[in-house]
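From first to last, the protein sequence lines are chains A, B, C and D. Count along the first sequence from 1, add 88, and you get the number used in our numbering. Count along the second sequence from 1, add 88, and you get the number used in our numbering. Count along the third sequence from 1, add 88, and you get the number used in our numbering. Count along the fourth sequence from 1, add 88, and you get the number used in our numbering. All C-beta atoms in this analysis are idealised placements derived from N, C-alpha and C, irrespective of residue type, glycine included. Accompanying notes for the structure given below.
There are 4 protein chains.
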Amino acid sequence: MNDTFRFVKRKIMSADTDTQAPAEPNDTRHSIGARKNPETEAAILDAAAEIIAEKGIGGLRMEAVARRAKAGKATLYRWWPTRGALLLAVYQRKKPHMTYRDTGSLYQDLLHFANDLITVWKGDNGLFFKAIIAEAESDPDVTDKLREYHAERLEALCAVTRRARDRGDIPADEDPTIRAEMLISLLWQRLINNRLDEKIDGHVRMLANSD
Amino acid sequence: MNDTFRFVKRKIMSADTDTQAPAEPNDTRHSIGARKNPETEAAILDAAAEIIAEKGIGGLRMEAVARRAKAGKATLYRWWPTRGALLLAVYQRKKPHMTYRDTGSLYQDLLHFANDLITVWKGDNGLFFKAIIAEAESDPDVTDKLREYHAERLEALCAVTRRARDRGDIPADEDPTIRAEMLISLLWQRLINNRLDEKIDGHVRMLANSD
Amino acid sequence: MNDTFRFVKRKIMSADTDTQAPAEPNDTRHSIGARKNPETEAAILDAAAEIIAEKGIGGLRMEAVARRAKAGKATLYRWWPTRGALLLAVYQRKKPHMTYRDTGSLYQDLLHFANDLITVWKGDNGLFFKAIIAEAESDPDVTDKLREYHAERLEALCAVTRRARDRGDIPADEDPTIRAEMLISLLWQRLINNRLDEKIDGHVRMLANSD
Amino acid sequence: MNDTFRFVKRKIMSADTDTQAPAEPNDTRHSIGARKNPETEAAILDAAAEIIAEKGIGGLRMEAVARRAKAGKATLYRWWPTRGALLLAVYQRKKPHMTYRDTGSLYQDLLHFANDLITVWKGDNGLFFKAIIAEAESDPDVTDKLREYHAERLEALCAVTRRARDRGDIPADEDPTIRAEMLISLLWQRLINNRLDEKIDGHVRMLANSD
DNA sequence: ATTTAAGCGAGACGGTACGTCATGTCTTGTG
DNA sequence: CACAAGACATGACGTACCGTCTCGCTTAAAT
């Protein structure tokens, strides 16, 4: 077999009205071999986060993410095949780390928790969390993840109410998850209704009252 | 210019009620003069309700509504210019009428309310309400309407807690909206997390405990 | 049914980095009702013709046609669902009208025909015809159409050879399509091999010789 | 950054030999040092030939070739940088060896040649040759190669017509390439139009007639 | 014997085009 | 003038290939 037909030559495309403009071919990212490029991942998650922050989850378009991240759509879909997956990945990066205090007073502990969460949610995080709630309506994966978040947060807050029960601040026969779930539910509702600014100390006091 | 070369190869459409239903071509609705035709409105809202029930709110397409209702898209957009507006109109027609009992016991009253609402939500209504919550994330009109619903329900439930306060079942200095809002928030959270089946009597008992 | 939910309001999109630039919304074509818009058809066929003339059939992209014609892709696909269909429609518009002379000399008649066709093919028409030949390899519709073209041209040219046979210029028992098909085949081969410039009078003379 | 949220929902691929064939994962080919591996070359050309035979040249994808040949895309592009180059290499391997007989009768010689070529083309070779004609429309290298093939075949067939002229079977002053080119052109046209089955003896007889 | 250099399978990457779908606007013809 | 019908420009969808790239490896030739 000879090499008669081996001729290396690339067709040069003349700059063209019809073919989509390839823009300037400057500092584009490249493959780093047969494995995921962390720079690409970061660029995509950053882009998605920016867009969600700007327009909410309803305005999150996969194309727009790829465009802003200067990534190919195939790359985007390779790692995050649905909008929900992308949304969750973004949220994961900025998931707030909540601290749960132990002041010896249930009222103080719950109030601190509530105020901390409200503070966090007044920034971008609230917008993201609302987006996840909205997406959960249609994406079962997001639904599951949302419930998982809820369970985690509930469990953490239960440590507070359990301490209170051990101290005798709330009835010994009451499930400590009850008051924790009530508080978290209240905060979800306030977030959804854009009512984070309204006062909650009355509610917290009610929850902290022994009986 | 003749059409010699126009030959259309149409792909076979998957049998889907909305996608291409010619149905019976008789009895088409017509204009009834220079005013809105109630038959048209009913047909559209029915169609929308059916589609939401079948595929959820994420599957609600204006085109599909028009097609199923045998209505023109222009007609549809004339009266319900956004998906949210249509959604709200549909919900308006099937909004549950809640009854608030007066048994003389706060625990019983709240439990009845909660169980009634849970029962309602386990049918289509819950799906619709979740859809509205999701849509509220991106449509300010829906957000407003959702808050309005919440306020209405809250006010109605407050009648219950106010009676309890008057009876002395809860502290006299406590805002009666507090326990009402807590209960409603709990139910929202349960709806969102698909946890309507879990028990709530412990929570209600806590809310009904006086001091 | 009240009109509580009827609120006409369009969301104004802020000019945006992510959403594809909508360009200037100047003199865009519009629908003219529930029927095909001839302006649109013309714009699309013009655009396709230009692109083929510039880059050949291999460079014909449906997207590029839509872009240049300022037409939607859906519109394009509605009327010309394949590249081949579009190609044929374009060719139809510029199909050369051949004239077949009757000089009393077979040689002269064939030579005129050949030179006329060569002249036509040296312009865009040859490029188009080559494109159709190429497309026929993969698109059965184009294959059929190409054969049909061939048959038409053959039939027309047969009138010339039939006259010659009646005159006794070629054997009475010879099928008149034979020499016609030979000449056309020769010209096809010359077109495909970019050899239209090479002389053909020797070939024509051979075909015109009685026997 | 963990991968908690990376969950890939892969669609079920339609069973297609090229699309995702892991096949036996053993005995992978390797480099044999700083030179081209003949096994690789064979595997690639075989794969390409199979695919063309199955789906035609329009269905020839570089990716599919690499996949089926279990070769890296870089390897493929290193040696055959364009589809046309690959196509030509494949054709080179199965290029029919034509025999040109000398029966002493021009009619018999031409008829044998024509029938031999038709027989060859009715197998895969015709498909390949049509593919090359199609590809020539857009790839100048293929155009050149095609013309070269044509010239070779023409020259070989000219030996036949030249003998006939020497015998006095055709006019002494006629270029022997003329009848050879006519016959080849006819066969090309028949191939392109899928008309290889139609009879050609009338045409050949005309070409064999002396004066 | 060790270094160097290239071939090789693998597959991620930035892209472009595909063909389909829904959007919201429009213009018709009918009643 | 409301209405059905549906064409239209727009743009996102998710998929498929393109041609380039880097990786980690294998082997043979050069040192």
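- Taken through DSSP and simplified to helix, strand or coil, residue 226 of chain C comes out as coil.
- Residue nearest to residue 195 of chain C within the set C/253, C/262, C/261 and C/122 is C/253 (criterion: CA-CA distance).
- For residue 259 of chain A, the secondary structure class from DSSP, reduced to helix, strand or coil, is coil.
- DSSP, read as helix, strand or coil, puts residue 126 of chain D in helix.
- Residue 118 of chain C carries a coil assignment under DSSP once its states are collapsed to helix, strand and coil.
- One finds 224 and 225 in chain D with Cβ atoms closer than 9 angstroms to the Cβ of residue 218 of chain C, taken in chain order.
- In the DSSP annotation of this structure, the continuous segment of the alpha helix (DSSP H) that includes residue 150 of chain B starts and ends at 150-156.
- In the assembly as shown, residue 119 of chain C is an exposed residue. Its beta-carbon has fewer than 16 other beta-carbons within 10 Å.
- Taking 8 angstroms as the CB threshold, residue 206 of chain D stays off the interface with chain C.
- DSSP places residue 159 of chain A in the coil class of the three-state scheme, outside both helix and strand.
- In this chain, the alpha helix (DSSP H) harbouring residue 182 of chain D covers 171-182.
- For residue 233 of chain B, the secondary structure class from DSSP, reduced to helix, strand or coil, is helix.
- In the structure shown, residue 269 of chain A falls within a helical segment according to DSSP collapsed to helix, strand and coil.
- When 7 angstroms is used as the limit between beta carbons, residue 146 of chain A is near these residues of chain B: 225 and 226, in chain order.
- For the C-beta of residue 277 of chain C, the chain D residues within less than 8 angstroms are, from N- to C-terminus, 238, 269, 272, 273, 276 and 277.
- Three or more Cβ pairs closer than 8 angstroms define a contact, and the segment 228-237 of chain A falls short of that threshold against the segment 227-237 of chain B.
- Neighbours of residue 139 of chain C in chain A, taken as residues at a C-beta separation under 7 angstroms, are given in chain order as 106.
- C-alpha of residue 208 of chain A to C-alpha of residue 143 of chain D: approximately 59 angstroms in a straight line.
- Distance from the Cα of residue 210 of chain B is smallest, within the candidate group B/281, B/168 and B/136, for B/281.
- Membership of residue 207 of chain A in the alpha helix (DSSP H) is indicated by the continuous run 194-210.
- Any Cβ of chain D closer than 8 angstroms to the Cβ of residue 255 of chain C would place that residue at the interface, and such an atom is absent.
- When Cβ-Cβ separations below 8 angstroms define contact, residue 241 of chain B makes no contact with chain A.
- By the Cβ criterion, the segment 160-176 of chain B is not in contact with the segment 262-271 of chain B, since fewer than three pairs of Cβ atoms, one from each stretch, lie closer than 8 angstroms.
- For the 8 angstroms CB-CB criterion, residue 128 of chain B and residue 159 of chain B form a contact.
- Taking a 10 Å sphere around the C-beta of residue 269 of chain D, we find 16 or more other C-beta atoms and assign the residue as buried.
- DSSP places residue 106 of chain A outside any alpha helix (DSSP H), giving it a letter other than H or E.
- Exposure of residue 187 of chain D is indicated by the presence of fewer than 16 other C-beta atoms within 10 angstroms of its C-beta.
- Nearest in C-alpha terms to residue 292 of chain B, of all of B/199, B/176 and B/248, is B/199.
- When rounded, the separation of the alpha-carbon atoms in residue 123 of chain D and residue 136 of chain A is 46 angstroms.
- Under the 8 angstroms criterion on CB atoms, residue 155 of chain A is classed as non-interfacial with respect to chain B.
- Comparing alpha carbon positions, the residue from A/260, A/130, A/286 and A/277 closest to residue 180 of chain A is A/130.
- Rounded to the nearest angstrom, the gap between the Cα atoms of residue 183 of chain D and residue 297 of chain D is 31 angstroms.
- Judged by beta-carbon spacing, residue 241 of chain D lies within the 8 angstroms limit of residue 272 of chain D, meaning their Cβ atoms are closer than that value.
- Between the beta-carbon of residue 218 of chain A and that of residue 279 of chain A there is about 6 angstroms, and that keeps the pair under the 8 angstroms contact cut.
- Rounded to the nearest angstrom, the gap between the Cα atoms of residue 116 of chain D and residue 153 of chain D is 16 angstroms.
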